[in-house]
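Report on one structure; see the data block that follows.
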Amino acid sequence: MATESPAVPSGPAAPSFPIARHAFRRFYTNYTARTVLQAIVTIWAVITFTFFLIRLMPGNPVEVYVDFLVNQQNMTYDEAYSRAASQFRFDPNVSLVTQYVEYMGQLLRGDLGLSITSSGTRVIDQIARFLPWTIFSVGLGLLISFTLGVILGTIMAYKRNTAIDHALSFLASVLSAVPNYIWGLFIILVLGVQLNLFSVGGLRGNYDPSLQPGFTLEFIGSVLKHAFLPVLIYVIGSIGGWMLNMRNSTVSTLGEDYVNVARARGLTSSRILLAYVGRNAALPMFTLLAINIGFIIGGSVIIEELFVYKGIGSFLFWSITQRDYTSMQGVFLIITISVVVSNLLADLLYSRLDPRVRVSGGK
Amino acid sequence: MASIPYDLGGRSVRFTSNALSSGGVFFRALRRNRAGLIGFIGLMIYAVWILIAPRLIPFDDNVRLDQIASPPGSRLMLVTRADDAARYTTLDDLQGRTVGVLGNTSGEAMVEPYEEQGAFTVETERFSNGRGIPDLLEMLAEGEVDAIILFSDSVKEYLTSNTDAGQNEQFANLTVANAALGPPYLLGTDTQGRDIFSHIIHGGTTLIATALAAGLMSTLIAVMLGSLAALLGGVVDNALTAFANLVLTIPSFPLLVVLASLIRLDNPLLLALLIAALSWPVLMRAVRSQVLSLRERDYVEAAFALDLGLRHIVLREILPNMMSFVAINFIFAVTKAMYDQVGLIFLGMVPINDYTWGVMLYFGRSRGTLFSPDSASMVLSPVLAIAMFQVSLVLFARSLEEMFDPRLRTAKSPGT
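Structural data, given as C-alpha cells:
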C-alpha cells in the first residue's frame, strides 16, 4: 500500500503547537508507525461505513420475524411484535448514533456482541465456528495455486515463445477468465452428475456428520474429501493469474544486467535460477498474494453457497438474508482485518525480502 | 479470478492510439497471435449473437407439458387404455378429450394453461390419503377420462407392484408412455418445457450490456481520478489514494451482496453503476502511476509550460499515450463486472426482470436441475455461454497486451 508517496502531507499550519507538530511529524514519518496507524484508521473507517450501511437496509430482523409470525402463525401485529422484541436482543427504536456508540464501546472491549437472530449465541463464537473452515479451504487452495503457478510461470518464462509457453499461456488465460463459480457449476455438472465421479449430495457440509470430530484418520480423510471441491475451485480460479504474472515478472528479470553478468561469470543455471532470477521475479508475487487473500475470502461467498460448505462466506450470506446485523458486522470486521493485516504483512515481508525497499524505507 | 491487478506501472507504452485506429497494423498483428485471433472471432460471434440473433429467433415462453426435461421422476407420464395407446401419443392428440390430473400438485398448475386454451377438459382428482393415483386409474379404466397426465414415476410403480388382484385385472389394459414427445430442441427444454436455445439466444443481451456499462463506468472513474491524483498531487493525491485504498480494503463482492439487498436493483444501469463504484480502485492506482511517469515526458512538461490547461493536458497529451493500457484494462473491468453481476444473480440477490443466462443458472440450481443428468442443458448452456464470452474477452485483451507491450512480445533470451 504505502510503498510510495514521498510527499508527506504537511500538517495544518499551527505555529502555536510547534512541539506537538514536530512529534506528530516524527511519528508520521516513521514507516512502521505510519503503516500501522493507517491500518487502524482503515479498519475504523470500514467498521463505521459498514455499520451504517447495514442498518440502512430495509427490513430489520424484528420486522422479518414479525412478518413470519403474522403470516405463518396468524398472530396479530402487536402480539408478534412484542414476542419478536423479547426474543431478539435488538430494539429498532434506539437511535443509530446510540447504537453506534454502544457498538464501538463493545468492540474496544473486544466484544463483538450477541447474534440477533440466534439468541444467546455470541458472534465471536459463530465466527470461531465458521472461520477456520474458510481459512483451511481458501488457504490450502491459495497455497497450492501459488506454488504451482510460480513454478509453471517460471517454466513459461524460460521456454518463452515456444509451444509450451503458448499452450500454458492459453491455458492460464482460459482458467483465469472463467468465473470460479462457473467452474464449480461445470465440475458439478460434468464430473459429478454426468460422469458420476463423486456424489454431489454426499460432499455437502464440512465433514461426514456421522463421524466424531477428532484427530482420527477417518475424520481427517472426511474433512479433506469434503474440502476437495472448494479447494479445487480456488486453485483453478486463481492459478492462471499466478502463472501469467510470474511469467511476465520472470521474463523482465531475465533481461536484467545482473542476470547476464551472472551468466558471464559462469554460474550454474540452477544457481542463477534460484539466487538471481527466481528471488527477484517472485517478489511482486507476494504483494499480489496479500491482495488476493481479500479477494478470495470475498469470492468464498458464492463457492461456499454452491458447495454447501459451512464457512465464513456462507455464514455471511445467511446473516445477510436474516438481517442479522451484529453477525454481518462481525464477519465484515474479520474480513477487513484479514485484508488489512495481510497487506501489512506483505509490506513487511517485502521489505525483508527486498533490501532495496528496506534501505529507502529507512531513510 | 481475473482480478489480479495489472502492474504496468512505470512502463513506457510507446506506439498506441495510431495502432488502434489503423486497422491494417492491428489485423496483421492479430494474425500472428493465434490466441488473440480466437478471442477476436469469439467476440464477433457474440456481437452477432446478442445484436442480431434475438431479432431472428423469438423468445420461447410457451409452457409445454410434454417437453419437460426436468429431473427424471417428474417428467410427463401419459397413461392411456391399451386400445388408445396408438391414438394418444402426444398432447395434441388429446384435443377435445377429458384428461385426469392430480389436484394440489405442481402438475395441476402446469395443466391449467392448456385447459384455458381449450385444448382439453381437465378432471381433477384430489391427492388425498394416498388414493389419488388409484382413483385416477379407476376413472381411466371405467372410461370417465380418456387419459391421465402425471408428473411422477409413481404411477408405473403402482401398476407393477400393486397387490390388489381385482385392481390389477382392472388396470391390466393401461399403458404408460413417457417418451419425450414432439420435435427435439437443439439444446433441450427447461423445467417448463420451453426451448433453452431461444433463452440462450436472448439471455446475453442485458448481461453483456450491463457488464460493458459497468466496465466503461469503472474505467472512466479510474482514469479521471487516477489522472487527477497524479497531476494535481499534494492533498488531492493523498486523499484520492487513501480513498482508493479504503475501497480496496472492503471485499467488494460481500459488500455488493449487502448493497443488492439495500437497493432494489431492478434497473440494469443501477446494477452497473454499483459494480463500477466498487471496482475502480485497482485501475485507478495503475493509471495514477502511469500518469506519474508520463508527466515527466518533455511534451507534457511543454504543455504545462504553455499553460494549456488540465483538460487539454489530460485529454490530448496524456490519455492518447495510455490508450492501449486503458483499453486493455477496460476489457478486464468488463470481465470483472460479469463475474460480479452473474454472481449476484446466481445468489438470487437481483430481482428477476429478464430471463438472462444468470437467471437460468439461478433457476437451474433452485429447481434442482443442476443435480439431474437429464436436464443438464439448462445449466450447462448458460455456463458455456458465459465461460466462452469471458474467455474471448480475456484472450483478446491478453493479445492486445502483447501487441502493445514490446517487452512481453520481443524479449529474447540474452545469450543462449
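Residue numbers (my numbering), protein chains in the order written: chain Y, 177 to 539; chain U, 784 to 1199.
Each residue gets a CB set at the ideal place from its N, CA and C atoms; glycine is no exception.
All of these numbers come straight from a predicted model, not from anything done at the bench.
- Message: What does the alpha-carbon distance come out to for the pair U/N945 and U/D918?
- Response: 13 Å
- Task: Find the nearest neighbour of U/I833 within the set U/A1116, U/F1187, U/F1172, judged by alpha-carbon distance.
- Result: U/F1172
- Task: Can you tell me which of Y/I364, Y/I510, Y/V212 puts its alpha carbon nearest to the alpha carbon of Y/D287?
- Result: Y/I510
- Query: Which residue from U/M1186, U/T972, U/L1029, U/G883 puts its Cα closest to that of U/S1107?
  - Reply: U/M1186
- Query: How about U/L813 and U/G819: are their beta carbons less than 7 Å apart?
  - Reply: yes
- Message: What does the Cβ neighbour count give for Y/S271, buried or exposed, with the cut at 16 atoms within 10 Å?
- Response: exposed
- Task: With DSSP collapsed to three states, give me the class of U/D1221.
- Result: What is shown of chain U runs 784 to 1199, which leaves residue 1221 of chain U out entirely.
- Could you check how far apart the C-beta atoms of U/V1030 and U/L1011 are, in whole angstroms? I think they sit under 8 Å. At roughly 16 Å, the Cβ-Cβ gap does not stay under 8 Å, so U/V1030 and U/L1011 are not in contact.
- At which residue ranges does the region 1063-1094 of chain U contain complete alpha helix (DSSP H) runs of 4 or more residues, listed in the order of the chain? 1064-1078, 1081-1088
- Taking the alpha-carbon positions, what's the U/F1179 to U/T1118 distance? 12 Å
- Task: Over the uninterrupted alpha helix (DSSP H) stretch that includes Y/R528, give me the two end residues.
- Result: 501-529
- Task: Kindly say whether U/G965, judged by its beta-carbon, lies nearer than 7 Å to any beta-carbon of chain Y.
- Result: Any reading at U/G965 is ruled out, since the residue's pLDDT is 44, under 50, leaving its predicted position unreliable.
- Query: DSSP three-state call for Y/G381: helix, strand or coil?
  - Reply: coil
- Query: Start and end of the alpha helix (DSSP H) containing Y/R439?
  - Reply: 433-440
- Query: Mind checking if Y/L362 is an interface residue toward chain U, Cβ cutoff 7 Å exclusive?
  - Reply: Reading off the sequence shown, one finds Phe at residue 362 of chain Y, where the question assumed Leu. Yes, Y/F362 counts as interfacial toward chain U.
- Query: Does the beta carbon of U/R1181 sit closer than 7 Å to a beta carbon anywhere in chain Y?
  - Reply: yes
- Go ahead and pull the three-state DSSP assignment for U/D978. strand
- Item | Beta-carbon proximity of U/A994 to U/A1120, cut-off 7 Å | yes
- Task: Locate the alpha helix (DSSP H) running through Y/M280, then write down its first and last residues.
- Result: 272-284
- May I ask which residues mark the beginning and end of the alpha helix (DSSP H) holding U/G883? Premise fails: U/G883 lies in the beta strand (DSSP E), 881-885, not in any alpha helix (DSSP H).
- Within this structure, are the beta carbons of U/R1137 and U/D978 separated by less than 7 Å? Per the sequence shown, residue 1137 of chain U should be read as Asp rather than Arg. No; because the gap between Cβ atoms is not below 7 Å, this pair is not in contact.
- For U/A1224, is the classification buried or exposed, using 16 other Cβ atoms within 10 angstroms of its Cβ as the cut-off for buried? Outside the modelled stretch of chain U, which goes from 784 to 1199, sits residue 1224 of chain U, for which no answer is possible.
- Sequence-distant residues of the same chain with beta carbon closer than 7 Å to U/V1109, five excluded per side: T1002, V1006
- Note down, in chain order, every chain Y residue with its Cβ under 9 Å from the Cβ of U/D1126. Looking at the sequence provided, one finds Gly at residue 1126 of chain U rather than Asp. P355, Y357, G475, V477, I478, listed in chain order.
- Item | Nearest residue (CA-CA) to Y/R298, options Y/L524, Y/V517, Y/G442, Y/Y501 | Y/Y501
- Measure from the alpha carbon of Y/F346 to the alpha carbon of each residue in Y/G417, Y/N468, Y/T429, Y/R285, then state which is nearest. Y/G417
- Message: Quick check on the burial criterion: 16 or more other C-beta atoms within 10 angstroms. Buried or exposed for Y/S258?
- Response: exposed
- Report the rounded CA-to-CA distance for U/G1092 versus U/N1112, giving the unit in angstroms. 27 Å
- Message: Tell me which residue opens and which closes the alpha helix (DSSP H) that Y/L213 is part of.
- Response: 207-231
- Query: Tell me the DSSP bridge mates of U/T863?
  - Reply: U/A930, U/T958
- Supposed contact pair U/A1159 and Y/V369 - C-beta distance, whole angstroms, cut 8 Å: 6 Å
- Closest by C-alpha distance to U/E1184, when choosing among Y/S503, Y/N424, Y/T463, Y/T429: Y/N424
- Query: the region 198-232 of chain Y: which residues have C-beta closer than 7 Å to a C-beta of chain U, in chain order?
  - Reply: T218, A221, V222, L229, I230, L232
- Please report how far the alpha carbon of U/G965 lies from the alpha carbon of U/D973, in whole angstroms. Low per-residue confidence applies at U/G965: pLDDT is 44, beneath 50, and the placement is therefore not dependable enough to give any value.
- Report yes or no: is there a C-beta of chain Y within less than 7 Å of the C-beta of U/Y1138? no
- Message: Under 7 Å, Cβ to Cβ, is there at least one residue of chain U near Y/F483?
- Response: no
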